[in-house]
Amino acid sequence: MTEKKRKIHVLGINSYKFEDLSFKLQNLFLETENIAVPDSYIEEIKSWCERDLEKKKSFFPSKSNNELLNWLKSQKTDVILISRGDPLWFGIGRILLENFSKDELSFFPSNTCIQLAFSKLKIPWQDTVNVSIHGRDSTKLVEALKARPSNLAVITDSNNKSLEIIKKNLSELNLIECYDFWLCEEIGFDDENIRKLNLKESLPSDISSLNIVVLTKTKKSYSNSNLPVFGISDHIFKTFDDRPNLLTKREVRVQILADLELPKNGVIWDIGAGCGSIGLEALKLRPNLDLFCIDKRIGSRALILENSKRLGVKPKLIFEEDIIKTLNSRNLSSLEKPNRLVIGGCDKKTKLQIIKSLAKGMRIGDIVVIPIIDIQTIKELKEELEDKNFKTNLNLIQTFKSLSIAEGMRLEPNNPVFILKGKK
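Following this line, the structure appears as C-alpha cells:
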C-alpha cells in the first residue's frame, strides 16, 4: 500500500457525551473537518457541534461497507472514524488494517462493552470466553458452550435473532440450568439496562437492538429427587471446567449401561472412572451393587464423591491411583472380583493388562465393556477377551445433536465411540 501522510483516527466511544472524551480527543474532534459516524447514532455525534468550532464539520454516515472504505480512500486530509468500544476487538479495526497501511491508522480505544458489563455485574472477567455472533454464524458459540466456561460473553446481532439462538443452543446442549443469562442493553449509555432473564419463559418484547449477553456459571444445589430413572443429563455431573472429557456423554453412557446388563446384585468395577458418571448411574439403577471406582487423576475422588451426593448413591471404594498400582500392590484376593467391568481412560497396554489380571477371575455370564476412541487398539483387545473365553461384539456409536442457527437448524456430530463388549 502507498503510504499517505493523512491519518485516519479511529475513536472508540462508550457514551454519547462529548465530555467523556479525553481532552486530547476532544481537541482532535474540534480540529478535524471530516468525520465518519455509524448512521445509527450520527445525530448524537452531530450534537457535539453545538459549541465553538474552529472548522466546519462534514459528517459521513457509515455502515462498515465498501462505501465507507471508498470515502476514507478519497479523503485528502485527516479524518475521524467513530466506533463503539475498542475498534480492534470484534470491531472495524480488522477491516481497516486490511485496506490501509498501519502508518495511516491511529486507534483510540475506549472500554469494551464486555468490560463495562462485568464492571456493572461486579464479576471478575479475566477467565471469560468472548464470542461474537454479530454478522457471523454460531459455530464459535457452540464450541465455547461445549467447553462449559465459567463466564461467557456474547456479542449479539439484532438482525439474526441472536438471543433466540443463544437460548436454543443452551437448551439443546442441556446447559440452561448451568448458567445465569444476563441481558445487557445500551451499556455505558443513558438508557443502560441490565437484567437476568429466566430462559424457561419467553424473551421480553422490549429489548434494545444494542445488547450483549453475559452467561455466568450458576452455583446451585442438586436434588436427586427429580432425576430420571435412566439417561441422566450431563449437566447433573460435576467435572473440571478444563477437563470436560472426564464425563462420558449421555448418549454413549446409556449404551454402555445397556450393554452391561446390570444384575440386581454383584460387583462392578469402573476403571478410568473420570467423574464417575458410568458407575454412579449404574449404582442408581441397581442400588444393591458394590461399586469400585478407580481413576489416577488428582481430584477424581472428590469429583466422584460430589457426584455420588448428587445422585444419592454411595460407591463401596474409590481409589485415586493408577490401576496398575491397584493390580500390583494391593492384595486382589481381598477385593471383590468384578461381575461387571468397565475399562476406559487408559492406553492399550494398560487395558490389556487389566483384562489379563481380572478377566480370569470372572465367571460365566460376567461382562466386560470397553469404550474405545482409537480404532488401532480394537483388534488386540478383542482377541485378548476371546482368548479369555469371552464372546465379543463391537458397536460404533455415532450420534448427532440438532443445534439452532440463524437459518434454521444444523446437526452437530458427537465424537464417534466404539464399544467393545465381552460376555463370558
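Residue 252 in the working numbering sits at position 268 of the sequence shown; the count goes up by one each step and never skips.
All residues carry an ideal CB built from backbone N, CA and C; glycine is no exception.
| Asked | Found |
| --- | --- |
| Own chain residues within Cβ distance below 6 Å of residue 152, not counting five before or after | 388 |
| The stretch 301 to 311 touching the stretch 283 to 293, judged by at least three CB pairs closer than 8 Å | yes |
| Same chain only: Cβ atoms within 8 Å of residue 395, ignoring 5 sequence neighbours per side | 384, 385, 386, 387 |
| Length of the line joining the Cα atoms of residue 265 and residue 398 | 21 Å |
| Alpha carbon of residue 97 to alpha carbon of residue 43, nearest angstrom | 25 Å |
| Environment of residue 268 [buried if 16+ CB atoms lie within 10 Å] | buried |
| For residue 78 and residue 14, the rounded distance between their alpha carbons | 26 Å |
| Given 8 Å, three or more beta-carbon pairs between the stretch 192 to 211 and the stretch 352 to 360 | no |
| Residue range of the beta strand (DSSP E) that includes residue 2 | Residue 2 -> no beta strand (DSSP E), and no H or E assigned at all. |
| Contacts around residue -9, its chain only, beta-carbon distance under 7 Å, and the 5 residues preceding and following it disregarded | 62, 88, 90 |
| Cβ-Cβ distance between residue -6 and residue 67 below 8 Å | yes |
| Cβ distance (whole Å) where residue 20 is taken to contact residue 73 below 8 Å | At roughly 19 Å, the Cβ-Cβ gap does not stay under 8 Å, so residue 20 and residue 73 are not in contact. |
| Residues near residue 113 by beta carbon distance below 6 Å, same chain, minus five either side | 128, 133, 136 |
| Option in 263, 326, 278, 284 with minimal Cα separation from residue 296 | 263 |
| Spatially closest choice to residue 24 from 193, 250, 239, 343, by CA coordinates | 193 |
| Neighbourhood of residue 404 by C-beta distance below 7 Å, restricted to the same chain and skipping five residues each side | 354, 356, 362, 365, 366, 376, 378 |
| Residues near residue 75 in its chain [Cβ-Cβ closer than 6 Å; skip 5 each side] | 67 |
| Residue from 157, 185, 326 with nearest C-alpha to residue 258 | 326 |
| CA-to-CA distance, residue 155 to residue 184, given in whole angstroms | 10 Å |
| Pair within 8 Å by beta-carbon distance, residue 324 and residue 252 | yes |
| Which of helix, strand or coil DSSP assigns to residue -2 | coil |
| Backbone secondary structure at residue 274 - three-state DSSP | strand |
| Nearest to residue 277 (by Cα), restricted to the options 270, 271, 256 | 256 |
| Residue -3 versus residue 393 - alpha carbon distance | 36 Å |
| Length of the line joining the Cα atoms of residue 345 and residue 372 | 10 Å |
| Residue 25 CB to nearest heavy atom of the ligand MN below 7 Å | This structure lacks the ligand MN, and indeed carries no ligand of any kind. |
| When 145, 282, 351, 308 are compared against residue 244, the one with the closest alpha-carbon | 351 |
| Rounded separation between residue 145 and residue 169 - CA only | 15 Å |
| Range of the contiguous beta strand (DSSP E) that encloses residue 21 | 18 to 22 |
| Per DSSP, cross-strand counterpart(s) of residue 324 | 252, 351 |
| Alpha helix (DSSP H) segments (min. 4 residues) lying fully within the stretch 175 to 254 | 234 to 243 |
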